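In UniProt numbering, the protein residues as written are 1 to 405. Notes follow once the structure below has been shown.
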Amino acid sequence: MPRPESEFPPRMKDHSLINFVTTTTSSKKDLMDLQLARYIFSTNTPFAAVEHPEFVKFVQMLLPGYRLPSRHQIGGTLLDHVYDQIHEDCRQRLQDKTVSMMLDGWSNIHNEPVICVSVVTSDGENYLIDTVDTSGYSHTAEYLQSVALASAQLAEQRFGCKIGSLVTDNAANMTKMRRIMMEDGNEIITYGCSAHYLNLLVKDVEVADVKGTIVTINKYFRNVHLPAAWYKSNGGKKLVLPIDVRWNTLSDCFQSYLDNWSIILRTCEEHRTDIDTEIFSKVQNISLKRRVEEYLMLIKPIAVALDKIQNDSTTISHAVEIWKELEQTYIDNGCTNILGKVRIRAKQALTPFHLLANLIDPTCSGKSLSNVEIDIALSYCAQFSVFMYKERGSLISQVERVVLK
(Lines of atoms letter the chains of each structure in order from A; the text may use other names.)
(Lines give C-alpha, C1' and ligand atoms only; values in the text may rest on other atoms or scores of the structure.)
Protein backbone atom coordinates (compact mmCIF):
# COMPACT_ATOMS: atom_id res chain seq x y z
CA MET A 1 0.00 0.00 0.00
CA PRO A 2 1.24 3.55 -0.75
CA ARG A 3 2.20 5.59 2.23
CA PRO A 4 0.02 8.64 3.05
CA GLU A 5 1.50 12.08 2.20
CA SER A 6 1.45 13.07 5.85
CA GLU A 7 4.26 10.60 6.49
CA PHE A 8 6.60 12.25 3.97
CA PRO A 9 8.83 15.20 5.01
CA PRO A 10 7.62 18.64 3.81
CA ARG A 11 8.65 19.42 0.20
CA MET A 12 11.22 22.18 -0.18
CA LYS A 13 10.18 25.29 -2.15
CA ASP A 14 11.52 25.65 -5.68
CA HIS A 15 14.35 28.14 -6.00
CA SER A 16 14.74 29.59 -9.51
CA LEU A 17 18.07 30.88 -10.81
CA ILE A 18 16.22 34.05 -11.85
CA ASN A 19 16.60 35.28 -8.27
CA PHE A 20 20.38 35.22 -8.65
CA VAL A 21 20.70 36.72 -12.14
CA THR A 22 20.38 40.37 -13.20
CA THR A 23 18.65 40.56 -16.56
CA THR A 24 18.07 43.43 -18.94
CA THR A 25 15.06 43.21 -21.22
CA SER A 26 15.34 44.30 -24.82
CA SER A 27 13.06 47.31 -24.27
CA LYS A 28 14.99 48.40 -21.18
CA LYS A 29 18.31 48.09 -23.04
CA ASP A 30 16.96 50.29 -25.84
CA LEU A 31 15.99 52.98 -23.32
CA MET A 32 19.36 52.79 -21.58
CA ASP A 33 21.23 52.95 -24.89
CA LEU A 34 19.30 56.07 -25.89
CA GLN A 35 19.90 57.79 -22.56
CA LEU A 36 23.61 56.98 -22.70
CA ALA A 37 23.76 58.35 -26.25
CA ARG A 38 22.00 61.57 -25.21
CA TYR A 39 24.53 62.03 -22.41
CA ILE A 40 27.46 61.51 -24.80
CA PHE A 41 26.06 63.94 -27.38
CA SER A 42 25.11 66.64 -24.87
CA THR A 43 28.53 66.59 -23.18
CA ASN A 44 30.52 66.26 -26.42
CA THR A 45 32.13 63.09 -25.07
CA PRO A 46 34.11 61.01 -27.61
CA PHE A 47 32.10 58.02 -28.84
CA ALA A 48 35.03 55.72 -28.03
CA ALA A 49 34.43 56.37 -24.31
CA VAL A 50 31.81 53.58 -24.26
CA GLU A 51 34.56 51.06 -25.07
CA HIS A 52 37.08 52.28 -22.50
CA PRO A 53 37.90 49.34 -20.16
CA GLU A 54 37.40 51.36 -16.98
CA PHE A 55 34.01 52.66 -18.13
CA VAL A 56 32.96 49.13 -19.14
CA LYS A 57 33.94 47.83 -15.68
CA PHE A 58 32.03 50.66 -13.99
CA VAL A 59 28.85 49.87 -15.93
CA GLN A 60 29.19 46.14 -15.22
CA MET A 61 29.40 46.91 -11.50
CA LEU A 62 26.20 48.96 -11.74
CA LEU A 63 24.25 46.53 -13.91
CA PRO A 64 25.99 43.27 -14.83
CA GLY A 65 23.25 42.26 -17.26
CA TYR A 66 23.59 45.37 -19.44
CA ARG A 67 25.75 45.25 -22.55
CA LEU A 68 27.04 48.62 -23.70
CA PRO A 69 26.49 49.76 -27.29
CA SER A 70 29.59 50.08 -29.45
CA ARG A 71 31.01 53.41 -30.56
CA HIS A 72 29.77 52.63 -34.06
CA GLN A 73 26.22 52.22 -32.76
CA ILE A 74 26.55 55.49 -30.81
CA GLY A 75 27.63 57.36 -33.95
CA GLY A 76 25.19 55.51 -36.20
CA THR A 77 21.70 54.27 -35.38
CA LEU A 78 21.57 55.88 -31.92
CA LEU A 79 22.67 59.27 -33.24
CA ASP A 80 19.98 59.09 -35.92
CA HIS A 81 17.37 58.04 -33.36
CA VAL A 82 18.20 60.85 -30.92
CA TYR A 83 18.27 63.38 -33.77
CA ASP A 84 14.82 62.27 -34.94
CA GLN A 85 13.45 62.47 -31.39
CA ILE A 86 14.78 65.98 -30.81
CA HIS A 87 13.71 67.15 -34.26
CA GLU A 88 10.15 65.98 -33.63
CA ASP A 89 10.11 67.57 -30.17
CA CYS A 90 11.27 70.89 -31.66
CA ARG A 91 8.67 70.65 -34.42
CA GLN A 92 5.87 70.19 -31.89
CA ARG A 93 7.09 73.10 -29.79
CA LEU A 94 7.47 75.45 -32.77
CA GLN A 95 4.35 74.46 -34.69
CA ASP A 96 2.23 77.51 -35.68
CA LYS A 97 4.42 79.95 -33.73
CA THR A 98 5.81 83.24 -35.01
CA VAL A 99 9.48 83.39 -34.12
CA SER A 100 12.56 85.57 -34.53
CA MET A 101 15.44 84.13 -36.55
CA MET A 102 19.12 84.79 -35.86
CA LEU A 103 22.07 84.38 -38.23
CA ASP A 104 25.67 84.34 -37.05
CA GLY A 105 28.92 83.24 -38.64
CA TRP A 106 31.38 80.94 -36.87
CA SER A 107 34.31 78.65 -37.60
CA ASN A 108 34.12 75.00 -36.57
CA ILE A 109 36.97 72.98 -35.04
CA HIS A 110 38.37 72.42 -38.54
CA ASN A 111 38.36 76.19 -39.16
CA GLU A 112 35.63 75.82 -41.78
CA PRO A 113 33.22 78.78 -42.13
CA VAL A 114 29.72 78.00 -40.88
CA ILE A 115 26.59 80.10 -40.52
CA CYS A 116 24.41 79.02 -37.60
CA VAL A 117 20.69 79.65 -37.91
CA SER A 118 18.55 79.63 -34.79
CA VAL A 119 15.12 80.87 -33.78
CA VAL A 120 13.77 82.21 -30.50
CA THR A 121 10.14 82.13 -29.40
CA SER A 122 8.22 84.76 -27.46
CA ASP A 123 8.84 82.59 -24.37
CA GLY A 124 12.60 82.99 -24.81
CA GLU A 125 13.23 79.40 -25.93
CA ASN A 126 16.05 78.97 -28.47
CA TYR A 127 16.22 76.32 -31.18
CA LEU A 128 19.00 75.57 -33.66
CA ILE A 129 17.36 75.30 -37.08
CA ASP A 130 20.29 74.76 -39.41
CA THR A 131 24.03 75.08 -39.91
CA VAL A 132 25.17 76.17 -43.36
CA ASP A 133 28.65 75.31 -44.61
CA THR A 134 29.72 78.39 -46.55
CA SER A 135 33.08 77.07 -47.75
CA GLY A 136 33.84 78.40 -51.21
CA TYR A 137 31.32 81.25 -50.99
CA SER A 138 32.10 84.90 -50.45
CA HIS A 139 29.96 86.37 -47.68
CA THR A 140 28.43 89.09 -49.81
CA ALA A 141 25.17 90.72 -48.79
CA GLU A 142 23.40 89.00 -51.68
CA TYR A 143 24.69 85.57 -50.68
CA LEU A 144 23.72 86.14 -47.05
CA GLN A 145 20.24 87.18 -48.17
CA SER A 146 19.86 83.90 -50.06
CA VAL A 147 20.95 82.00 -46.93
CA ALA A 148 18.47 83.93 -44.77
CA LEU A 149 15.53 83.37 -47.12
CA ALA A 150 16.37 79.68 -47.60
CA SER A 151 16.63 79.23 -43.82
CA ALA A 152 13.29 80.96 -43.27
CA GLN A 153 11.68 78.62 -45.79
CA LEU A 154 13.37 75.63 -44.17
CA ALA A 155 12.05 76.65 -40.74
CA GLU A 156 8.50 76.89 -42.06
CA GLN A 157 8.67 73.56 -43.90
CA ARG A 158 10.41 71.47 -41.24
CA PHE A 159 9.11 73.03 -38.06
CA GLY A 160 5.85 74.71 -39.05
CA CYS A 161 6.84 78.09 -37.62
CA LYS A 162 6.67 81.51 -39.27
CA ILE A 163 9.67 83.84 -39.30
CA GLY A 164 8.48 87.26 -38.18
CA SER A 165 11.85 88.96 -37.77
CA LEU A 166 15.53 88.50 -38.49
CA VAL A 167 18.35 89.75 -36.26
CA THR A 168 22.05 89.67 -37.17
CA ASP A 169 25.28 91.23 -36.04
CA ASN A 170 26.30 94.57 -37.53
CA ALA A 171 29.16 93.72 -39.85
CA ALA A 172 28.99 95.71 -43.09
CA ASN A 173 27.80 92.74 -45.16
CA MET A 174 25.06 91.85 -42.66
CA THR A 175 23.88 95.46 -42.45
CA LYS A 176 23.69 95.67 -46.24
CA MET A 177 21.83 92.36 -46.38
CA ARG A 178 19.19 93.65 -43.96
CA ARG A 179 18.80 96.82 -46.01
CA ILE A 180 18.34 94.82 -49.23
CA MET A 181 15.66 92.66 -47.61
CA MET A 182 13.75 95.71 -46.43
CA GLU A 183 14.03 97.40 -49.84
CA ASP A 184 12.74 94.25 -51.54
CA GLY A 185 9.54 94.59 -49.53
CA ASN A 186 10.08 91.34 -47.67
CA GLU A 187 7.58 90.89 -44.85
CA ILE A 188 10.34 89.71 -42.49
CA ILE A 189 11.35 92.56 -40.17
CA THR A 190 15.13 92.95 -39.95
CA TYR A 191 17.31 94.71 -37.40
CA GLY A 192 20.77 94.61 -35.87
CA CYS A 193 21.69 93.16 -32.49
CA SER A 194 21.64 95.91 -29.85
CA ALA A 195 24.16 94.04 -27.70
CA HIS A 196 26.59 94.07 -30.62
CA TYR A 197 25.97 97.79 -31.16
CA LEU A 198 26.80 98.40 -27.49
CA ASN A 199 30.01 96.42 -27.91
CA LEU A 200 30.86 98.59 -30.92
CA LEU A 201 30.17 101.65 -28.78
CA VAL A 202 32.82 100.46 -26.31
CA LYS A 203 35.28 100.34 -29.21
CA ASP A 204 34.17 103.82 -30.30
CA VAL A 205 35.36 105.27 -26.99
CA GLU A 206 38.36 102.96 -26.67
CA VAL A 207 41.71 104.46 -25.73
CA ALA A 208 44.15 102.06 -27.36
CA ASP A 209 47.30 102.88 -25.37
CA VAL A 210 45.49 102.50 -22.03
CA LYS A 211 43.95 99.17 -23.00
CA GLY A 212 47.24 97.80 -24.33
CA THR A 213 49.17 98.84 -21.23
CA ILE A 214 46.73 97.28 -18.76
CA VAL A 215 46.52 94.08 -20.81
CA THR A 216 50.33 93.86 -20.72
CA ILE A 217 50.42 94.28 -16.92
CA ASN A 218 47.61 91.79 -16.30
CA LYS A 219 49.22 89.25 -18.62
CA TYR A 220 52.54 89.62 -16.82
CA PHE A 221 51.07 88.85 -13.39
CA ARG A 222 48.91 86.04 -14.80
CA ASN A 223 51.30 84.21 -17.07
CA VAL A 224 54.88 84.77 -15.86
CA HIS A 225 55.46 82.11 -13.21
CA LEU A 226 57.41 83.88 -10.45
CA PRO A 227 55.54 87.23 -10.55
CA ALA A 228 52.26 85.31 -10.68
CA ALA A 229 53.25 83.27 -7.61
CA TRP A 230 54.37 86.38 -5.68
CA TYR A 231 51.19 88.21 -6.63
CA LYS A 232 49.02 85.30 -5.52
CA SER A 233 50.86 84.89 -2.22
CA ASN A 234 50.14 88.56 -1.46
CA GLY A 235 46.42 87.87 -1.78
CA GLY A 236 45.93 88.99 -5.38
CA LYS A 237 42.71 87.94 -7.10
CA LYS A 238 42.40 86.66 -10.66
CA LEU A 239 43.25 89.29 -13.27
CA VAL A 240 40.93 89.40 -16.29
CA LEU A 241 42.01 89.71 -19.91
CA PRO A 242 39.65 91.11 -22.55
CA ILE A 243 38.28 88.65 -25.12
CA ASP A 244 36.72 89.98 -28.32
CA VAL A 245 33.86 87.46 -28.33
CA ARG A 246 33.17 87.93 -24.59
CA TRP A 247 31.61 91.35 -24.34
CA ASN A 248 32.15 93.25 -21.10
CA THR A 249 35.51 91.60 -20.50
CA LEU A 250 37.29 94.91 -21.21
CA SER A 251 35.38 96.52 -18.35
CA ASP A 252 36.16 93.49 -16.17
CA CYS A 253 39.84 93.76 -17.15
CA PHE A 254 40.09 97.36 -15.95
CA GLN A 255 38.07 96.65 -12.81
CA SER A 256 40.30 93.71 -11.86
CA TYR A 257 43.41 95.87 -12.33
CA LEU A 258 42.08 98.70 -10.17
CA ASP A 259 40.81 96.32 -7.48
CA ASN A 260 44.23 94.67 -7.22
CA TRP A 261 46.47 97.65 -7.99
CA SER A 262 47.78 98.03 -4.43
CA ILE A 263 48.70 94.32 -4.32
CA ILE A 264 50.40 94.54 -7.71
CA LEU A 265 52.37 97.58 -6.54
CA ARG A 266 53.40 95.86 -3.29
CA THR A 267 54.52 92.80 -5.24
CA CYS A 268 56.65 95.01 -7.49
CA GLU A 269 58.26 96.79 -4.53
CA GLU A 270 58.99 93.55 -2.66
CA HIS A 271 60.69 92.04 -5.71
CA ARG A 272 61.94 95.17 -7.46
CA THR A 273 65.16 93.52 -8.63
CA ASP A 274 63.30 90.63 -10.25
CA ILE A 275 60.27 92.41 -11.73
CA ASP A 276 60.51 93.65 -15.31
CA THR A 277 61.54 97.31 -15.08
CA GLU A 278 59.05 98.42 -17.73
CA ILE A 279 56.20 96.70 -15.89
CA PHE A 280 57.33 98.23 -12.58
CA SER A 281 57.38 101.69 -14.16
CA LYS A 282 53.85 101.30 -15.55
CA VAL A 283 52.43 100.06 -12.24
CA GLN A 284 54.00 103.02 -10.40
CA ASN A 285 52.52 105.48 -12.90
CA ILE A 286 49.70 107.15 -10.94
CA SER A 287 48.68 109.08 -14.04
CA LEU A 288 48.03 105.77 -15.82
CA LYS A 289 45.91 104.54 -12.92
CA ARG A 290 43.78 107.70 -13.06
CA ARG A 291 43.34 107.32 -16.81
CA VAL A 292 42.12 103.76 -16.25
CA GLU A 293 39.64 105.03 -13.65
CA GLU A 294 38.37 107.68 -16.06
CA TYR A 295 38.17 105.18 -18.91
CA LEU A 296 36.28 102.71 -16.73
CA MET A 297 33.85 105.47 -15.76
CA LEU A 298 33.14 105.92 -19.48
CA ILE A 299 32.54 102.28 -20.35
CA LYS A 300 30.92 101.07 -17.11
CA PRO A 301 27.45 102.40 -18.05
CA ILE A 302 27.76 100.54 -21.36
CA ALA A 303 28.66 97.35 -19.47
CA VAL A 304 25.55 97.78 -17.30
CA ALA A 305 23.42 98.34 -20.41
CA LEU A 306 24.94 95.24 -22.02
CA ASP A 307 24.02 93.09 -19.04
CA LYS A 308 20.46 94.38 -19.18
CA ILE A 309 20.05 93.95 -22.91
CA GLN A 310 21.43 90.39 -22.84
CA ASN A 311 18.95 89.35 -20.16
CA ASP A 312 16.70 86.51 -21.29
CA SER A 313 13.56 88.52 -20.50
CA THR A 314 14.58 91.65 -22.45
CA THR A 315 12.48 92.46 -25.52
CA ILE A 316 13.07 94.98 -28.30
CA SER A 317 10.63 97.35 -26.63
CA HIS A 318 12.82 97.25 -23.51
CA ALA A 319 15.90 97.79 -25.69
CA VAL A 320 14.56 101.27 -26.45
CA GLU A 321 14.37 102.01 -22.72
CA ILE A 322 17.91 100.73 -22.15
CA TRP A 323 19.36 102.96 -24.88
CA LYS A 324 17.45 105.95 -23.50
CA GLU A 325 18.69 105.24 -19.96
CA LEU A 326 22.27 104.98 -21.23
CA GLU A 327 22.06 108.37 -22.91
CA GLN A 328 20.57 109.94 -19.79
CA THR A 329 23.31 108.40 -17.61
CA TYR A 330 26.00 110.16 -19.62
CA ILE A 331 24.07 113.43 -19.45
CA ASP A 332 23.76 113.11 -15.67
CA ASN A 333 27.47 112.25 -15.33
CA GLY A 334 28.47 115.23 -17.44
CA CYS A 335 30.11 113.01 -20.08
CA THR A 336 28.75 115.06 -22.94
CA ASN A 337 31.86 114.41 -25.05
CA ILE A 338 30.65 110.94 -26.04
CA LEU A 339 26.92 111.67 -26.32
CA GLY A 340 27.27 112.02 -30.08
CA LYS A 341 28.72 108.50 -30.36
CA VAL A 342 25.99 107.08 -28.13
CA ARG A 343 23.26 108.69 -30.24
CA ILE A 344 24.78 107.44 -33.50
CA ARG A 345 24.82 103.84 -32.24
CA ALA A 346 21.33 104.19 -30.77
CA LYS A 347 20.01 105.46 -34.10
CA GLN A 348 21.57 102.47 -35.85
CA ALA A 349 20.15 100.02 -33.31
CA LEU A 350 16.61 101.36 -32.93
CA THR A 351 14.45 100.85 -36.00
CA PRO A 352 10.89 102.14 -36.45
CA PHE A 353 9.75 98.67 -35.40
CA HIS A 354 11.57 99.08 -32.07
CA LEU A 355 9.76 102.36 -31.52
CA LEU A 356 6.40 100.82 -32.42
CA ALA A 357 7.03 97.88 -30.09
CA ASN A 358 7.86 100.30 -27.28
CA LEU A 359 4.71 102.28 -28.02
CA ILE A 360 2.30 99.33 -27.81
CA ASP A 361 4.09 97.51 -24.98
CA PRO A 362 1.92 98.12 -21.88
CA THR A 363 5.01 98.14 -19.66
CA CYS A 364 6.49 101.03 -21.67
CA SER A 365 3.58 102.73 -23.48
CA GLY A 366 6.05 104.92 -25.35
CA LYS A 367 6.60 107.15 -22.31
CA SER A 368 10.29 107.67 -23.12
CA LEU A 369 9.69 108.40 -26.81
CA SER A 370 9.84 111.88 -28.25
CA ASN A 371 7.00 113.24 -30.39
CA VAL A 372 9.13 112.69 -33.48
CA GLU A 373 9.74 109.05 -32.52
CA ILE A 374 6.02 108.50 -31.90
CA ASP A 375 5.28 109.89 -35.37
CA ILE A 376 7.88 107.52 -36.85
CA ALA A 377 6.30 104.57 -35.05
CA LEU A 378 2.78 105.48 -36.23
CA SER A 379 3.96 105.99 -39.79
CA TYR A 380 5.65 102.61 -39.74
CA CYS A 381 2.49 101.04 -38.33
CA ALA A 382 0.35 102.45 -41.13
CA GLN A 383 2.84 101.45 -43.82
CA PHE A 384 3.83 97.94 -42.83
CA SER A 385 1.23 96.49 -40.47
CA VAL A 386 -0.53 94.88 -43.42
CA PHE A 387 2.44 92.49 -43.67
CA MET A 388 2.51 91.66 -39.97
CA TYR A 389 -1.17 91.38 -39.06
CA LYS A 390 -4.20 90.09 -40.88
CA GLU A 391 -6.41 92.68 -39.22
CA ARG A 392 -4.60 95.93 -39.87
CA GLY A 393 -7.28 98.10 -38.32
CA SER A 394 -7.14 96.35 -34.95
CA LEU A 395 -3.44 97.16 -34.57
CA ILE A 396 -3.90 100.80 -35.52
CA SER A 397 -6.78 101.08 -33.05
CA GLN A 398 -4.60 99.57 -30.35
CA VAL A 399 -1.84 102.09 -31.03
CA GLU A 400 -4.31 104.98 -31.06
CA ARG A 401 -5.64 103.95 -27.64
CA VAL A 402 -2.09 103.96 -26.24
CA VAL A 403 -1.26 107.35 -27.76
CA LEU A 404 -4.45 108.95 -26.45
CA LYS A 405 -3.80 107.87 -22.86
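All residues carry an ideal CB built from backbone N, CA and C; glycine is no exception. Just so we're clear, the structure is a prediction, and the values are computed from it rather than from any experiment.
Where residue i falls, given that 16 or more other Cβ within 10 Å makes a residue buried
i	result
ARG345	buried
ASP259	exposed
ASP33	buried
LEU31	exposed
PRO69	buried
THR190	buried
ILE279	buried
GLN145	buried
THR45	exposed
SER251	buried
ASN285	exposed
PRO227	buried
THR168	buried
ARG179	exposed
N-terminal and C-terminal residue of the alpha helix (DSSP H) that residue i is part of
i	result
PRO113	PRO113 -> not in any alpha helix (DSSP H); beta strand (DSSP E) instead, spanning 113-120.
ASP104	Element bounds for ASP104: not the alpha helix (DSSP H) but the beta strand (DSSP E), 98-107.
SER151	141-159
SER365	Segment: none, SER365 is in no alpha helix (DSSP H) and carries neither H nor E.
LEU355	352-360
VAL215	208-223
ASP89	79-94
TYR39	26-42
GLY340	339-349
PHE55	53-62
7 Å CB neighbourhood of residue i in its chain, flanking five on each side removed
i	result
ASP130	VAL117, SER151, LEU154
TYR127	CYS90, LEU94, SER118, VAL119
PRO113	GLY105, SER107, THR134, SER135
LEU288	THR213, LYS282
ILE309	SER194, ALA195, LEU198, ALA319, ILE322
ASP184	none
Beta-ladder partner(s) of residue i, from DSSP
i	result
ILE163	VAL99
THR168	GLY192
Other residues of its chain near residue i: CB distance less than 8 Å, five sequence neighbours each side excluded
i	result
ALA357	THR315, ILE316, SER317, VAL320
THR336	TYR330
VAL292	VAL210, ILE214, PHE254, TYR257, LEU258
LEU369	VAL320, LEU355, ASN358, LEU359, ALA377
PHE41	LEU79, VAL82
LEU306	ALA195, LEU198, ASN199, TRP247, ASN248
TRP261	VAL283, LYS289
The beta strand (DSSP E) enclosing residue i, as first and last residue numbers
i	result
TYR127	126-133
THR190	189-192
Contacts around residue i, its chain only, beta-carbon distance under 6 Å, and the 5 residues preceding and following it disregarded
i	result
TRP230	THR267, HIS271
Beta strand (DSSP E) runs contained entirely in the stretch 241-317, provided each spans 3 or more residues: none
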